[in-house]
Amino acid sequence: MGIIRTSKLIYEYIRRDEEGNPEGITRAVNDVDLDIKPGEFVAILGHNGSGKSTLAKHINAILHPTEGTVWVDGMDTTDEENVWDIRQRAGMVFQNPDNQIIGQVVEEDVGFGPENMGVPTKEIWERVEESLKAVGMYEYRKYSPNKLSGGQKQRVSIAGVLAMHPKCIILDEPTAMLDPNGRKEVIRAVRALNQVEGVTVLLITHYMEEVIHADRVIVMDQGRIELQGTPREVFSQVDRLKSLRLDVPQVTLLAYELKKAGVALPDGILTTQELVKALGDFAYASH
Amino acid sequence: MIRDITLGQYYQTDSVIHRLDPRVKLVATFVYIISLFLFHNFTGYLVAALFLAAVIKLSHVPFQYMVKGMKAIMFLLLLTVVFNLFLTPGETLIQIWKFTITKEGLKLSIFMAIRLVFLIIGSSLMTLTTTPNHLTDGMESLMGPLKTLKVPVHEIAMMMSIALRFIPILLEETDKIMKAQIARGADFESGNLIRKAKAMIPLLVPLFISAFHRANDLAMAMEARCYRGGEHRTKMKPLHYEERDTVAYTILVLYLIVLVVVRNIGFLP
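Laid out in structure tokens, this is it:
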């Protein structure tokens, strides 16, 4: 059984007008079945309001399902007794780095999680050191978070989660508020965690470039899972993605347009190198 | 303008003062503030000034950091000086229309000004050399006995530490909103006090909304990191007194003794 599993997950909330009177019911997550294996890197894509963040909050037991069940490491999230175990095992990184850093010094912030879990002092220090090293922020351990760039702050947030020794990390649009360099920094750190430390990663984003290294991509729309598969499988369906109001990576789009114009290229090209190689092969073949 | 408040802004460097136990610093700041009101002669101020100067020197915090904090209380300072200057009865020095400046008033207002300046520098020195987390740890520990009276000591400490952490962020935000409103024609500078206060409304409303948003996000982030109050919580930096803390306490006691002596003999007027 997977580390994160949902079965027929439904989440509804009551929409209210300005006076607070109920207007209707919105189904933010609709009948989602998910099974994530340990060590997997899964990306969830979707435009605003597709229910991807709501889904993420279920995994951390911040929200409880209206119908259906969520299991994290075999534990049902609706069981009050499991809440703290679940939150320790499935760490969560949020969008705004400023609103999730509690400490005034980097190392104190990273130690916040283990402190809450009642980890002995000596081990807290070991965990802080090891987590900061894992995201490449060790030399900034004595800095004030206010002096760091967005990408650095977000890496500190990831270290803060990592120090709790979670089995998986859920990142809820961690790069949405960052500049392109910060985004690259964070994604590189996340990939390293997944590949080197073997942490299961669930990355929620709306940037296509960030998901091409994932093992599996899940596309959500209006609370449902619309597409699922490897990045190559998903991105080969350019028309489908466009109908879901998602942009495919530029290289993939270029390859797609070239193919439509009659250039024989394989489906689902994800990187510039791949396209260059495919075009080289094509030029060679047509000679 | 609003960025000048250094209170609650930690200055990152390594010094003896930084390494002191926060309880020592809290007690020392408290004692120092009280000590400022113990004496009424210039020798006393000289001792207090020397003590403060020595601590500033030891702390490696640039002096202008503390001066910056002073600007924010300039108004309060002026007000105190003016009131003391004109409202203290005694021997008349100068009389302008209905206002009289007395010798006692002059002396008192100078004393008050020095006291206030020392008080602000003294307390901002504490916040500059102690991380808020450390500071609240110290308070939590000093207020520990109140727990038996069912005072939520841990919760108070946590609230204070979060408040301190968000001061710079909210200041930055205020600046941002202010600029955005100025860009759309808002005027914060001209007009009388009432007009200026009214002009603050379009600044305060978005600021409050964003503060609530932040609070909500932060609460969620804290819960996601297993925060559940003070129970079962361990400390990353537990407090225990070192040799230097004993030394610091001794110096504090010595300072007090010197002050008391000076207060009673005081060789300057």
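As given, the protein sequences belong to chains Z and E, one line each in that order. Mapping of the first sequence onto this note's numbering: position 148 corresponds to residue 148, and the numbering continues sequentially without gaps. With the second sequence counted from 1, adding 287 to any position gets you this note's numbering. Cβ coordinates follow ideal geometry from the N, Cα and C atoms, glycine included.
Classification of residue i by the beta-carbon crowding that lies within 10 angstroms, buried from 16 upward
i	result
isoleucine 544 of chain E	exposed
arginine 310 of chain E	buried
alanine 535 of chain E	buried
tryptophan 71 of chain Z	buried
phenylalanine 324 of chain E	exposed
histidine 421 of chain E	buried
glutamate 427 of chain E	buried
glutamate 67 of chain Z	exposed
glutamate 530 of chain E	exposed
threonine 272 of chain Z	exposed
alanine 96 of chain Z	Note on residue identity: the sequence assigns asparagine, not alanine, to residue 96 of chain Z. Answer is buried; the Cβ neighbour count reaches 16.
lysine 358 of chain E	exposed
alanine 283 of chain Z	exposed
methionine 361 of chain E	exposed
serine 477 of chain E	exposed
methionine 523 of chain E	buried
glycine 298 of chain Z	Only positions 1 to 287 of chain Z appear in the structure, and residue 298 of chain Z is not among them; the question remains open.
alanine 90 of chain Z	buried
lysine 57 of chain Z	buried
tyrosine 528 of chain E	exposed
Chain-ordered neighbours of residue i on chain E, where CB pairs are closer than 8 Å
i	result
arginine 87 of chain Z	Glu510, Ala511, Arg512 and Cys513
glycine 113 of chain Z	Arg512 and Cys513
glycine 160 of chain Z	Arg512
lysine 142 of chain Z	Gln299
phenylalanine 41 of chain Z	Within chain E, no residue comes near phenylalanine 41 of chain Z; the closest Cβ sits about 21 Å away, beyond 8 Å.
glutamate 23 of chain Z	Simply none; closest approach about 22 Å.
isoleucine 62 of chain Z	Met507, Glu510 and Ala511
methionine 164 of chain Z	Arg512 and Cys513
Amino acids of chain Z, ordered along the chain, whose beta-carbon sits closer than 7 Å to that of residue i
i	result
proline 236 of chain E	Past the boundaries of the shown model lies residue 236 of chain E; chain E is included only from 288 to 556, so the question cannot be answered.
lysine 522 of chain E	Glu115 and Thr121
Reference residue i, options the options, closest by Cα
i	options	result
threonine 423 of chain E	E:Glu442, E:Ala484, E:Thr537 and E:Tyr352	E:Glu442
glutamine 228 of chain Z	Z:Val217, Z:Ser236 and Z:Asp221	Z:Val217
glutamate 274 of chain Z	Z:Ile36, Z:Glu139, Z:Thr252 and Z:Val156	Z:Thr252
leucine 451 of chain E	Z:Ala192, Z:Glu173, Z:Ser144 and Z:Glu12	Z:Ser144
alanine 506 of chain E	Z:Arg155, Z:Cys168, Z:Pro22 and Z:Asn99	Z:Asn99
valine 342 of chain E	E:Ile538, E:Leu458 and E:Arg550	E:Ile538
tyrosine 54 of chain Z	Z:Asp172, Z:Phe235, Z:Val135 and Z:Asp179	First, the residue type needs correcting, since residue 54 of chain Z is threonine and not tyrosine in the sequence shown. Nearest option by C-alpha distance: Z:Asp172.
glutamine 152 of chain Z	Z:Ala134, Z:Val29 and Z:Val219	Z:Ala134
isoleucine 36 of chain Z	Z:Tyr140, Z:Arg5 and Z:Asp281	Z:Arg5
isoleucine 25 of chain Z	Z:Arg15, Z:Pro65 and Z:Val32	Z:Arg15
glutamine 94 of chain Z	Z:Ile3, Z:Ala176 and Z:Asp215	Residue identity check: residue 94 of chain Z is phenylalanine in the sequence provided, not glutamine. Of the candidates Z:Ile3, Z:Ala176 and Z:Asp215, the one whose C-alpha sits nearest the C-alpha of phenylalanine 94 of chain Z is Z:Ala176.
cysteine 551 of chain E	E:Ala315, E:Asn328 and E:Ser411	The residue asked about is misnamed: residue 551 of chain E is asparagine in this sequence, not cysteine. The candidate whose alpha carbon is nearest that of asparagine 551 of chain E is E:Asn328.
threonine 12 of chain Z	Z:Arg27, Z:Lys122, Z:Ile124 and Z:Glu19	At residue 12 of chain Z the sequence reads glutamate, which differs from the threonine that was named. Of the listed residues, the one whose Cα sits closest to glutamate 12 of chain Z is Z:Arg27.
histidine 165 of chain Z	E:Arg402, E:Leu403, E:Val404 and E:Cys513	E:Cys513
glutamine 299 of chain E	E:Thr379, E:Pro376, E:Thr417 and E:Glu391	E:Thr417
Chain-ordered neighbours of residue i on chain Z, where CB pairs are closer than 9 Å
i	result
histidine 519 of chain E	Asn116, Met117 and Gly118
arginine 306 of chain E	Per Cβ cutoff of 9 Å: no residues; arginine 306 of chain E is ~12 Å from chain Z at best.
arginine 471 of chain E	What arginine 471 of chain E touches in chain Z: nothing, since even the nearest Cβ is about 23 Å away.
threonine 623 of chain E	Residue 623 of chain E falls outside the range modelled here, since chain E spans only 288 to 556, and no answer is possible.
isoleucine 496 of chain E	Within 9 Å Cβ-Cβ: nothing; isoleucine 496 of chain E doesn't reach chain Z, min ~14 Å.
arginine 501 of chain E	Asn96, Asp98 and Asn99
Beta-carbon neighbours of residue i, restricted to chain E and to distances below 9 Å
i	result
methionine 177 of chain Z	Here the premise fails: no neighbours, minimum Cβ distance about 12 Å.
isoleucine 4 of chain Z	Neighbours of isoleucine 4 of chain Z on chain E: none; closest Cβ ~15 Å, over 9 Å.
methionine 92 of chain Z	Met507, Ala508, Ala511 and Arg512
Interface partners of residue i on chain E, CB under 7 Å
i	result
leucine 98 of chain Z	A quick correction: the sequence has aspartate, not leucine, at residue 98 of chain Z. Those within 7 Å of aspartate 98 of chain Z in chain E are Ile456.
methionine 75 of chain Z	None at all; the shortest Cβ gap to chain E is about 14 Å.
Residues that residue i contacts on chain Z, provided the C-beta gap is smaller than 8 Å
i	result
leucine 505 of chain E	Asn99, Gln100 and Ile102
arginine 310 of chain E	Chain Z residues near arginine 310 of chain E: none, gap ~17 Å exceeds 8 Å.
Can you find at least 3 beta carbon pairs, one from the stretch 185-205 of chain Z and one from the stretch 110-118 of chain Z, that sit closer than 8 Å? The stretch 185-205 of chain Z, when compared against the stretch 110-118 of chain Z, does not touch it at the 8 Å Cβ threshold.
Length-filtered (3 minimum) beta strand (DSSP E) runs lying within the stretch 438-482 of chain E: Counting only runs of 3+ residues, no beta strand (DSSP E) is found wholly inside the stretch 438-482 of chain E.
Which runs of the beta strand (DSSP E) spanning at least 3 residues fall entirely within the stretch 333-414 of chain E, listed in chain order? 379-383 and 386-389, all fully within the stretch 333-414 of chain E.
Can we say the stretch 363-372 of chain E touches the stretch 321-336 of chain E, given the rule of at least three CB pairs closer than 8 Å? Contact between the stretch 363-372 of chain E and the stretch 321-336 of chain E is absent: fewer than 3 CB-CB pairs across the two stretches fall below 8 Å.
Cβ contact check for the stretch 180-187 of chain Z and the stretch 148-162 of chain Z: 3 or more pairs under 8 Å: The stretch 148-162 of chain Z and the stretch 180-187 of chain Z touch, with three or more beta-carbon pairs separated by less than 8 Å.
What are the complete alpha helix (DSSP H) segments, minimum 4 residues, inside the stretch 205-251 of chain Z? The qualifying runs are 231-235 and 238-243.
Jot down the residue ranges of each uninterrupted alpha helix (DSSP H) in the stretch 54-118 of chain Z, minimum 4 residues, whole runs only, in chain order. If we require 4 residues or more, the alpha helix (DSSP H) runs fully inside the stretch 54-118 of chain Z come out as 83-89 and 106-117.
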